[in-house]
Amino acid sequence: MPTAVVHLIVPPLALLSTGAFRPRLVLAMCLLGLLPDLDFFVGVHRASLHNVFLLLPFLAVGLLWWRDANPQRAFWGEANLLAFAFLGSHILMDVFVGGVVPFWPVSNVTFRFDVRVLVDTATLEIESIFRPATQEGAPVTSPIYEWLDGTEFSIVALTVVVVAAVLLRGRLALLPGIVRRAVGRLTGARRL
Ligand SMILES: [Zn+2]
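Take 27 as the starting number for the sequence shown in the numbering used here and just add one per residue.
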């Protein structure tokens with residue numbers, strides 16, 4: 027799979043660049059980009075939380091309510107569209123790295139798209155593979171799976187801290203004094 031760092035950072039950047047969503051809501055929900063890999067613990071990896079049926083309710087509610095005149099419904103519509111985008115981006119990226127079982131549990135077929143571009147630096151010849159493939163059953167993963175290495179953990183942890191600090195702006199009164207001052211300095215919040 028693409029690393030957790032890719033799943034965590036690329037989708038929010040793409041969504042923020044559209045200007046179509048509230049930035050704080052995008053940041054508040056960005057951890058959803060990591061959620062599908064929890065099917066290690068609750069079912070069949072690359073299937074139970076990597077299928078299109080998981081996405082449909084979020085897409086349906088999102089499209090129904092996103093531009094609703096009622097602000098509360100519009101908020102939940104936006105949140106559902108973002109959930110669809112975060113979960114869907116994870117599944118889409120996994121198609122290119124190992125594959126997913128998109129119609130699980132109706133079908134147990136893995137879909138993947140093998141992509142590889144090699145450059146011979148001596149001759150400058152390029153060898154490329156762009157090939158869709160299917161196989162029966164979920165992708166086989168190593169029994170000891172390295173989900174995060176040290177570098178990735180440090181990036182994920184820093185991202186979570188920064189996102190939490192941004193989300194806490196304006197709500198610093200809830201924090202103890204020493205934490206409040208530190209976060210205030212980091213985020214430039216006006217109200218301490
Ligand atoms: Zn995954």
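Think of the CB as a built atom: it goes at the ideal place given N, C-alpha and C, for glycine as much as any other residue. Nothing here was measured: the structure is a model prediction, and the numbers come from that model.
Cβ separation of residue i and residue j, assumed to be a contact under 8 Å, to the nearest whole Å
i      : j      : result
Leu34  : Gly69  : About 22 Å; that fails the 8 Å criterion.
His53  : Pro38  : According to the sequence displayed, residue 53 carries Leu and not His. Leu53 to Pro38, Cβ: 7 Å. Contact.
Leu81  : Phe110 : 5 Å
Val127 : Val121 : With a Cβ gap of about 11 Å, Val127 and Val121 do not count as contacting.
Pro28  : Met119 : 5 Å
Cβ-heavy atom distance, residue i to ligand 1, below 7 Å
i      : result
Arg138 : no
Pro62  : yes
Asp120 : yes
Arg72  : yes
Residue range of the unbroken alpha helix (DSSP H) whose run includes residue i
i      : result
Ala86  : 78-91
Gly176 : 176-194
Trp102 : 97-121
Arg8   : Nothing about residue 8 can be read from this structure; the chain reaches only from 27 to 218.
Ala40  : 30-44
Phe129 : Premise fails: Phe129 is in no alpha helix (DSSP H) and is neither H nor E.
Val68  : 65-68
Proximity below 8 Å, CB of residue i to CB of residue j
i      : j      : result
Gly124 : Phe137 : no
Arg142 : Ile152 : no
Pro104 : Leu64  : The amino acid occupying residue 104 in the given sequence is Glu; Pro does not appear at that position. Not in contact: Glu104 and Leu64 (Cβ atoms no closer than 8 Å).
Asn106 : Phe84  : yes
Val189 : Cys56  : yes
Leu174 : Ala30  : yes
Phe129 : Asn77  : yes
Leu41  : Leu108 : yes
Boundaries (first-last residue) of the beta strand (DSSP E) holding residue i
i      : result
Asp140 : 135-145
Pro158 : 152-162
Closer than 7 Å: residue i CB and nearest ligand 2 heavy atom
i      : result
Asp120 : As far as ligands go, the structure on display features ligand 1 and does not contain ligand 2.
Kindly confirm or deny that the region 177-184 and the region 82-91 touch, where touching means at least three C-beta pairs closer than 8 Å. no
Count Cβ pairs between the region 165-172 and the region 63-81 that sit closer than 8 Å; are there 3 or more? yes
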